[in-house]
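Residue numbers (full-length UniProt numbering): 39 to 306.
Glycine included, C-beta positions come from ideal geometry on N, C-alpha and C.
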Ligand code: PBE
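See the structure below:
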């Protein structure tokens, strides 16, 4: 392929996701930092629409650049690659961390402890994501993973007591990765007797809900880069319970059949 045509064919557009996502902000920064992307725009929509656009482009062997992240089922389903990012706009390896509201430990010590002990691997998360992508309901996929990984779940509930109907609300964003983690944690809390509500929000409001003490917490903080600005804004008003997953990453992602290796290869 001729990468000059790629850019025209793509309408000088990066296929983005929700406007509030960190990876979208980083992609917008990339269009400012990389001179070759001067005329480019990041089209925002949803992570579902991005996945559909990616699937359609691949079916037709057309060029596409999406705002991508790992863990995500798209890497298992399609042959994809991250574009090199010599200016390091998208940052390096990240952690996904758990944030809870202040005072949760005193009010709901068992929920606090389970959230604190929750941690798994990128591979675990991908198993749940792939299952959902293949048509299993979010809740069923979570239950199935728990059944198959009872030893891990036992570590998360270790040292806690069962409760009867204590309410816990978790917030998340409708990103495939966060759908997987939040449903698994919610299911584990339910099995311990909690009455769990999970509420999808945009990224900014998700952080605010925890910082303002409206909900128990979330397991969807991508740091240090992706949500770094939100963390700085809210860190004094929430409690950081540390990483629940290592080895996360964001960047611009293309199908492997595209003859581009670096963001700098995209033609103006
Ligand atoms: N993501 C998935 C989020 C964090 C989790 C990479 C789409 C974001 O960009 O904010």
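- When beta bridges are read from the DSSP output, residue 213 appears opposite no residue.
- Collapsing the DSSP output to three states places residue 108 in a strand.
- Separation of residue 241 and residue 228 (C-alpha to C-alpha, rounded to the nearest whole angstrom) is 25 Å.
- In chain order, 170, 217 and 221 place their CB closer than 6 Å to the CB of residue 176, counting only its own chain and leaving out the 5 sequence neighbours on each side.
- Excluding the 5 residues flanking it on each side, residue 292 has same chain C-beta neighbours closer than 8 Å at 101, 102, 103, 104, 118, 119, 121 and 298, in chain order.
- Taking a cut-off of 8 Å on C-beta distances, the stretch 77-90 does not touch the stretch 184-194, as fewer than three cross pairs fall below it.
- Shortest Cα-Cα distance from residue 234 to any of 223, 164 and 243 involves 223.
- Bridge pairing for residue 278: 137 [DSSP].
- Residue 259 places its beta carbon less than 7 Å from that of residue 137.
- By the 16-neighbour rule on beta-carbons within 10 angstroms, residue 197 is exposed.
- Remark: C-beta atoms of residue 153 and residue 114 do not approach each other more closely than 7 Å.
- The criterion of a C-beta distance shorter than 7 Å is not satisfied by residue 263 and residue 54.
- Where residue 63 is concerned, the enclosing alpha helix (DSSP H) starts and stops at 60-71.
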